[in-house]
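These notes are about the structure you will find just below.
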Amino acid sequence: MLSVAEALERVLSGVPVLGAESVTLAEARARVLAEPVVAAREIPPWDNSSMDGYALRAVDTVAASADRPVVLQVVGEVTAGRVAVQALGPSEAYRILTGAPLPPGSDAVVPQEDVHRDGARVTVRKAVEVGAYVRPRGEDIRPGDRILEPGTVLRPAALGVLAALGHARVTVHRRPQVAILSTGDELVDPQAPLGPGQIPDSNSYTISGLAADAGAVPRSLGIARDRREELIERLRAGLQADVLVSSAGVSVGDRDFVREAVEALGARIDFWQVNMRPGKPLTFGRIGECLFFGLPGNPVSSMVTFELFVRPVLRRLGGYRVLNRPRVRARALEPIDNPGSRPGYLRVHLEPGVGHLGARPTGQQGSAILRSMLLADGLAVVPGDTKIPKGGEVDVILLLNDGTVSLEV
Ligand code: AMP
Ligand code: MG
């Protein structure tokens with residue numbers, strides 16, 4: 000049976016990065032940059048004041064002291080969005096507000112709280128240094144600076160920099176389209192009343208959510224019954240997507256027809272099992288250009304296999320530089336037990352401790368116990384037949400980054 004690492008390598012091999020499209024800056028949040036951004040202008044575009052005060056020539060104030068104050072003549076005012084036309088002469092000052100360009104001839108600003116103003120005169124009691132309270136032109140960004148690399152996720156700060164550089168649009172990678180099919184005779188839509196033996200289809204929702212979180216555009220194909228012909232028809236409807244994901248029907252049960260159905264559609268199956276827990280029955284193959292994942296049906300198994308295999312593929316397609324979730328070392332706050340020979344991916348809650356993170360299992364680890372996913376900040380990676388003792392160290396794949404742990408994802 001393939002290991003998780005071998006399976007991931009096979010899954011990722013030959014996956015292309017999707018092409019680019021242009022979006023407005025307003026649409027660009029969380030998209031992935033497709034080309035480098037090189038600054039074509041300076042930020043800030045001119046020397047400007049960082050305080051409300053007076054722009055002056057530092058040379059006029061060198062001799063200023065409490066005993067021998069220097070008096071300057073206020074010859075005008077410049078506010079943000081305006082420019083001073085008249086150059087500053089000797090012993091002259093300009094009233095200036097934060098963000099306003101420095102008037103020609105001036106080279107420093109004295110904050111208003113450091114001077115005394117009386118009519119058109121301002122009294123300075125201390126020498127002002129050249130450049131004081133001046134934000135020099137280009138101090139933040141210079142033309143030619145390479146500001147952003149392809150594969151960068153456009154977070155708010157990046158949007159701000161793009162706006163400041165005057166970009167109205169930005170070139171980003173196309174988002175992968177993911178078609179999602181739930182399979183099983185027992186499944187009904189969540190709003191439907193439950194008949195005997197029926198359960199709501201929850202995988203459609205978890206998988207759509209995971210796909211969207213991975214930067215993809217999910218599209219639900221609904222629920223297919225456990226019938227070969229119906230499966231073929233429903234799966235066929237997803238073949239235009241970049242990735243087709245089904246759940247359930249991939250074990251060895253009498254009604255597990257998914258593999259047959261994708262083979263009937265011409266799939267080249269690469270593998271159908273991975274050595275892991277939860278989630279051993281995982282089918283991967285290609286149907287033409289479309290990548291096919293047949294995830295296991297159990298709610299946790301489908302989420303964990305999605306995390307480990309589908310998510311990196313979606314991120315590769317979407318142009319992300321980083322494909323995998325970050326891993327952290329944590330200390331077990333309770334024993335973390337992985338009975339059985341398969342490597343385990345166990346749901347844990349992370350708690351900040353002094354100098355380390357603590358990891359605590361979120362509860363029962365059965366592959367149908369979706370509730371324990373609710374509390375999971377990560378998946379502890381535990382070798383087969385291993386019990387991490389309390390206080391022992393364990394690797395944890397971070398699922399969330401909602402403030403529990405501060406790490407770049
Ligand atoms: P299967 O792989 O078809 O044997 O399904 C394994 C388990 O997962 C069964 O208990 C199914 O009822 C359950 N299951 C399959 N699909 C879903 C789904 N879409 N939502 C919730 N549970 C499911
Ligand atoms: Mg089934």
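When you line the sequence shown up against numbering that gives the first Met the number 0, it's residues 0 to 408, in that order. Virtual Cβ for every residue (Gly too), placed ideally from N, Cα, C. All figures in this text were calculated on a predicted structure; none of them were measured in a lab.
DSSP places Arg-9 in the helix class (H, G or I) of the three-state scheme. Note on geometry: alpha-carbon atoms of Glu-229 and Glu-262 lie some 14 Å from one another. For the pair Leu-345 and Pro-334, the CB atoms are not nearer than the 8 Å cut-off. By the Cβ criterion, the stretch 12 to 28 is not in contact with the stretch 59 to 78, since fewer than three pairs of Cβ atoms, one from each stretch, lie closer than 8 Å. Residue pairing for Asp-336: DSSP places it in a beta bridge opposite Lys-386. Within 7 Å of the C-beta of Ile-198 there is at least one heavy atom belonging to the ligand AMP.
According to DSSP, Arg-134 shares a beta bridge with Asn-47.
In this model, Glu-232 and Pro-217 are separated by some 19 Å (Cα to Cα).
Across the set Val-393, Arg-56, Glu-306, Pro-110, the C-alpha of Arg-56 shows the shortest separation from the C-alpha of Ser-90. Annotation: the continuous beta strand (DSSP E) that includes Tyr-93 extends over 91 to 95.
By the C-beta criterion, the stretch 150 to 166 is judged not to be in contact with the stretch 120 to 138, since fewer than 3 inter-stretch pairs fall below 8 Å. If you draw a straight line from the Cα of Arg-320 to the Cα of Ser-12, it comes to about 16 Å. Restricting attention to Glu-20, Val-69, Arg-235, Gly-317, the CA atom closest to the CA of Leu-180 is found in Arg-235.
Counting every other CB atom within 10 Å of its CB across the protein chains shown gives Gln-176 a total of 16 or more, marking it as buried. In the three-state reduction of the DSSP assignment, Val-309 falls in the helix class, which pools H, G and I.
Taking the C-beta atoms as reference points, Leu-71 is found nearer than 8 Å to Val-121.
Distances taken from the Cβ of Asp-212 to the heavy atoms of the ligand MG include none shorter than 7 Å. Between the C-alpha atoms of Ser-64 and Pro-102 there is a straight-line separation of about 25 Å. The C-alpha of Gly-357 lies about 25 Å from the C-alpha of Val-3. Burial check for His-355: the Cβ neighbour count within 10 Å stays below 16, so the residue is exposed. One alpha carbon belongs to Gln-272, the other to Leu-294, and they sit about 10 Å apart. Excluding residues up to 5 positions away in sequence, Ile-179, Pro-217, Ser-219 lie with their Cβ nearer than 7 Å to the Cβ of Ser-207 in the same chain. Counting along the chain, the unbroken beta strand (DSSP E) around Glu-350 starts and ends at 343 to 351. Membership of Asp-212 in the alpha helix (DSSP H) is indicated by the continuous run 202 to 212. Of the candidates Pro-280, Thr-23, Cys-289, Asp-336, Cys-289 places its Cα closest to the Cα of Leu-264.
Taking the Cα positions, Val-309 is about 24 Å away from Pro-189. Lys-389 is a Cβ neighbour of Ala-331, given a cutoff of 8 Å. With a 10 Å radius around the Cβ and a threshold of 16 neighbouring Cβ atoms, Pro-351 comes out exposed. By the beta-carbon neighbour count (other beta carbons within 10 angstroms, threshold 16), Ala-375 is buried.
The Cβ atoms of Val-257 and Val-249 sit closer than 8 Å to each other.
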